[in-house]
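Chains as they are written, first to last, in the working numbering: chain A, 132 to 555; chain B, 6 to 628. Ideal Cβ positions, reconstructed from N, Cα and C, are used throughout, including at glycine.
Take a look at the structure:
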């Protein structure tokens with residue numbers, strides 16, 4: 132089973148898009164630098180002077196105005212009860228997740244075109260439960276049990292107990308037990324004694340289910356991220372921005388047994404973000420954001436005991452690598468209700484199609500499974516106090532998974548974000 | 006200040022949402038590996054208890070080896086009374102269907118070809134002028150009234166072409182479950198076909214093959230089928246019935262109580278009947294109560310080894326039952342049961358002895374639990390017909406004792422007293438005055454046998470030895486004693502070039518293949534060889550007449566604890582390790598009246614069998 136940890140996918144903060152600031156009366160739009168863009172300059176100037184209609188929607192690539200600080204405190208309530216198998220079919224492994232997280236996000240507009248960001252996620256609660264009966268019906272369980280039994284079956288065949296791998300597998304499935312206590316070496320290097328008289332398949336079930344048996348997860352600080360966003364091109368209805376950042380392994384990971392799920396990812400990652408925003412009509416923004424991440428520095432991961440997945444083995448820690456580009460992003464449509472009437476200027480709604488393609492996790496250069504991908508749908512609404520010169524915003528978003536492959540747990544996220552601004 | 010507000014609100018929301026929904030819990034999760042315990046297995050445990058054996062669960066391999074090497078507790082002296090009761094019970098069940106072992110009709114005897122001599126090492130065959138090969142069709146009794154069954158059975162009969170009153174009837178129980186082929190018979194007897202009337206039945210449900218049975222295809226070889234397979238019977242048990250039944254037909258023909266036309270190769274009547282052909286050839290016991298009865302021996306290889314011993318046990322049970330005849334119950338086995346067989350010698354080559362012992366006990370567990378088809382043991386000869394043996398037990402319609410009895414009926418050590426009762430020098434038997442002389446038994450086995458482990462022969466030999474040397478009486482009313490047994494056993498070592506790292510090379514089995522026939526036994530013999538002196542027969546005897554034959558009350562001895570201890574020495578040494586060559590018992594129990602015979606020179610299995618046939622077996626046939 133791949134790592135179940137609280138990375139950005141859960142907290143949903145890494146390079147979280149800077150929301151609209153452009154239209155607040157106190158702040159000016161970034162001035163277009165190209166001398167030829169006189170129309171844009173004129174419109175910007177006119178808007179500044181005329182203080183025109185306000186829309187609680189803006190492109191995701193918008194940077195903060197110079198000298199502006201924004202503090203965001205999101206609150207995530209995350210649940211999950213299913214995932215997706217390798218064929219994209221919904222699968223229920225019997226796992227139920229309930230977790231909450233927050234973060235402290237500090238952003239600062241260095242110039243009108245460049246913002247800096249510091250993000251410190253914090254896991255508040257991390258609870259996961261497993262229903263063994265449901266898990267035992269899953270393909271994952273069956274595959275792991277079959278793999279365990281195949282190893283025993285080959286030994287039985289070598290001893291002449293049964294004539295073929297198929298017959299030996301059938302014999303084990305029928306409840307065959309060894310007549311004498313027998314030690315076997317598990318992949319972790321641990322020694323397991325198969326007791327005489329205990330059906331071998333009971334051990335298979337115990338070990339496979341035991342490896343998935345969760346305990347209360349770790350809480351606390353996650354992986355801290357720092358980054359910047361630069362507005363490459365900006366017009367009143369179109370913008371392109373790029374950003375870069377680092378995620379640092381400040382969360383717990385390396386020495387966290389599998390049952391407890393750490394708060395971080397364990398590696399140093401570099402991220403490159405791209406935003407393209409377009410407003411086909413006033414107050415209506417269509418945007419695309421993609422963030423490509425590449426591991427810069429690998430980490431380590433101590434092995435979890437197969438006999439008790441709440442414990443670590445004494446074996447030397449394994450080298451962790453994340454191979455391949457990890458892409459996360461979304462397509463967004465945001466609409467300021469101010470287009471209906473300016474009395475609703477403080478309200479906005481948005482919807483997103485979100486996607487993610489994970490990198491491949493390798494421990495000691497052994498892949499831990501195929502790359503996972505996921506898709507989700509997000510809908511949300513926001514209240515923008517800036518419409519009333521109040522430097523506060525509140526947004527609520529609800530994200531539901533709609534598809535994926537090789538996803539152990541596809542999360543449903545309820546995200547409440549509070550934002551406050553301050554201008555030096 | 007502006008920062009404080011959002012944080013406060015967030016924490017407020019946290020407290021609200023965190024209370025939403027149930028906290029996930031782990032449910033229905035199996036215990037960790039360290040806490041797994043053996044589940045109760047009453048079906049197996051109850052059956053094991055009924056058989057007096059362990060349940061194959063031990064912490065260490067050494068403990069398991071010791072457990073598996075411990076035979077049924079019925080064989081311990083402390084349970085002598087239980088053993089006697091068990092033997093009595095199984096004798097009763099044998100007796101209840103004793104008619105199935107009796108001949109009802111010889112349908113026809115047709116010549117097939119001249120006999121052959123076959124080199125077991127090369128398979129090369131040549132004509133043997135000393136005997137001819139015939140197909141015999143016959144019917145056994147369908148019930149106690151003597152009514153013939155509907156469909157005839159088939160077997161091979163080899164009849165010497167020359168000789169005068171010097172041929173012994175030899176019941177041959179073949180190995181495997183592919184069918185009976187003459188090549189196996191010819192290889193087993195060789196030139197002994199010249200002075201033995203060899204009677205070789207198929208087993209129920211098996212074809213009769215022209216030449217040999219092909220182990221690879223599990224069918225008659227390319228030479229084809231003489232008689233196709235009929236209805237399958239319960240292996241070992243029904244096999245023994247067929248062996249005894251065909252032998253009975255020939256024995257009756259030998260004393261003129263049954264007959265049939267003899268046909269030539271084309272099916273034409275030769276004008277000679279079977280009785281007429283056999284009468285001048287057969288050697289009779291010549292003295293004592295069974296003076297007119299043709300001498301007989303029984304010989305089995307592999308599967309047939311156990312079949313031969315069960316046939317002996319059924320014969321012993323019949324003799325014991327007949328000995329209880331009285332005015333009130335003149336025919337304990339039914340009015341049509343005239344006479345049992347009168348064997349003097351038995352040879353068991355590479356035969357299994359007990360499914361409840363040693364390596365086979367591990368398979369018995371899977372068999373009882375209904376997993377036989379998934380094990381290698383499913384291919385063991387006869388298992389195809391026995392896979393459902395414990396179905397009724399698992400269904401709960403048969404009790405453990407009854408299910409155990411199905412095992413005992415196919416177990417040589419647990420029926421050893423009945424075998425002893427059947428095997429003796431009948432020339433020295435006189436009703437009421439002489440108990441007969443010792444019979445002769447030969448046990449040959451490959452020490453590295455991969456099909457039937459050597460431990461089977463070790464148990465077989467030692468239990469027979471102890472049974473014959475410790476004639477503890479079972480019947481409180483009958484002080485009769487066993488006449489004893491000349492028992493020879495040899496474990497054979499394959500040629501050195503077939504061994505690698507102390508184990509037999511791949512592709513060799515030392516079981517009916519060249520690795521067995523080419524192997525040798527070198528001094529000292531790997532099994533003990535013992536001649537047990539005969540013991541005087543008290544005057545008491547039952548009386549029943551059948552064709553001039555008398556019936557006898559027979560003792561049912563059981564081995565002593567001390568003898569079993571010696572037996573376990575063998576068993577422990579050989580169990581589970583083919584490369585652990587067992588050592589012979591160091592000294593004989595002089596008090597038991599036995600003498601030890603060590604082999605003075607290297608012997609091949611064929612030479613050992615020939616020497617035994619001309620030695621101990623001949624002695625058992627000498628009046």
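Note down, in chain order, each residue of its chain lying with its Cβ closer than 8 angstroms to the Cβ of residue 367 of chain B, except the 5 sequence neighbours on either side. Closer than 8 angstroms at the Cβ level, and outside the excluded window around residue 367 of chain B, lie 61, 73.
Should residue 193 of chain B be counted as a contact of the ligand SAM given a C-beta to heavy atom distance under 7 angstroms? Questions concerning the ligand SAM fall outside what the structure shown contains, since it holds no ligand whatsoever.
With 9 angstroms as the limit, tell me which residues of the stretch 367–379 of chain B have their beta carbon closer than that to any beta carbon of chain A; keep them in chain order. Cβ contacts with chain A: 367, 368, 370, 371, 374, 375, 376, 378, 379.
Residue 430 of chain B: buried (16+ other C-beta within 10 angstroms of its C-beta) or exposed? buried
Measure the CB-CB distance between residue 426 of chain B and residue 321 of chain B and report whether it falls below 8 angstroms. yes
Could you check how far apart the C-beta atoms of residue 351 of chain A and residue 394 of chain A are, in whole angstroms? I think they sit under 8 angstroms. 6 angstroms
Which of the three DSSP states is assigned to residue 329 of chain A in this structure? coil
Taking buried to mean at least 16 other C-beta atoms within 10 Å of its own C-beta, is residue 629 of chain B buried or exposed? Outside the modelled stretch of chain B, which goes from 6 to 628, sits residue 629 of chain B, for which no answer is possible.
Using a C-beta to C-beta distance shorter than 9 angstroms, which residues of chain B count as neighbours of residue 438 of chain A? 37, 38, 39
What is the DSSP secondary structure of residue 461 of chain A, reduced to helix, strand or coil? In this structure, residue 461 of chain A counts as strand in the three-state DSSP scheme.
Which whole-angstrom value is the C-beta distance of residue 140 of chain B and residue 115 of chain B, which I expect to be below 8 angstroms? 5 angstroms
If contact means a Cβ-Cβ distance below 9 angstroms, which residues of the stretch 310–333 of chain A contact chain B? 310, 311, 312, 313, 323, 324, 325, 326, 327, 328, 329, 330, 333
Would you check if there are 3 or more beta carbon pairs closer than 8 angstroms linking the stretch 188–196 of chain B to the stretch 312–328 of chain B? no
Would you mind reading off the limits of the beta strand (DSSP E) that contains residue 252 of chain B? Here residue 252 of chain B belongs to no beta strand (DSSP E); instead the alpha helix (DSSP H) covers 242–259.
Members of the stretch 510–524 of chain A that neighbour chain B once the beta carbon cut-off is set at 8 angstroms: 522, 523
Helix, strand or coil for residue 392 of chain A per DSSP? If DSSP states are grouped into helix, strand and coil, residue 392 of chain A belongs with coil.
CB contact below 8 angstroms: residue 227 of chain A versus chain B: yes
If the criterion is Cβ atoms closer than 8 angstroms, does the pair residue 460 of chain A and residue 420 of chain A meet it? yes
Counting only runs of 4+ residues fully inside the stretch 259–284 of chain B, write out the alpha helix (DSSP H) ranges in chain order. 279–283
Whose C-beta lies closer than 6 angstroms to the C-beta of residue 249 of chain A among residues of the same chain, with five residues either side of it excluded? 237, 357
Just to make sure I have the definition right: I need the residues of chain B whose C-beta is within less than 9 angstroms of the C-beta of residue 345 of chain A. Which are they? 29, 31
I'd like the list of long-range same chain contacts for residue 618 of chain B, defined as Cβ closer than 7 angstroms, with 5 residues on each side in sequence excluded. 197
How would you label residue 465 of chain B, buried or exposed, when you count the other beta carbons within 10 angstroms and need 16 or more for buried? With a threshold of 16 other beta carbon atoms within 10 Å, residue 465 of chain B meets it and is buried.
Between the Cα of residue 216 of chain A and those of A/227, A/511, A/272, A/262, spot the shortest distance and give me the residue it belongs to. Minimum Cα distance to residue 216 of chain A is reached at A/272.
Backbone CA spacing between residue 624 of chain B and residue 99 of chain B [nearest angstrom]: Going by C-alpha positions, residue 624 of chain B is about 30 angstroms away from residue 99 of chain B.
Since residue 276 of chain A is in the alpha helix (DSSP H), which residue starts that stretch and which ends it? 270–289
DSSP state of residue 514 of chain A mapped onto helix, strand, coil: When DSSP states are grouped into helix, strand and coil, residue 514 of chain A belongs to the strand group.
Does residue 285 of chain A come within less than 8 angstroms of chain B when only Cβ atoms are used? no
By a C-beta neighbour count over all protein chains shown, 10 Å radius and 16 as the cutoff for buried, is residue 520 of chain A buried or exposed? exposed
Give the residues of chain A in contact with residue 505 of chain B, contact being defined as C-beta atoms less than 8 angstroms apart. Under the 8 angstroms cutoff, chain A gives no residues; its nearest Cβ is about 17 angstroms from residue 505 of chain B.
What span of residues does the alpha helix (DSSP H) with residue 457 of chain B cover, start to end? Element bounds for residue 457 of chain B: n/a, residue is neither H nor E.
Does DSSP classify residue 432 of chain A as helix, strand or coil? strand
Beta-carbon of residue 34 of chain B versus every beta-carbon of chain A: anything under 8 angstroms? yes
Which residues DSSP lists as bridging residue 36 of chain B, in chain order: In DSSP, residue 36 of chain B forms no bridge with anything.
Given that residue 340 of chain A touches chain B, what residues does it touch there, using C-beta distances under 8 angstroms? 34, 35
List the DSSP bridge partners of residue 207 of chain A. Residue 207 of chain A is bridged by DSSP to A/232, A/546.
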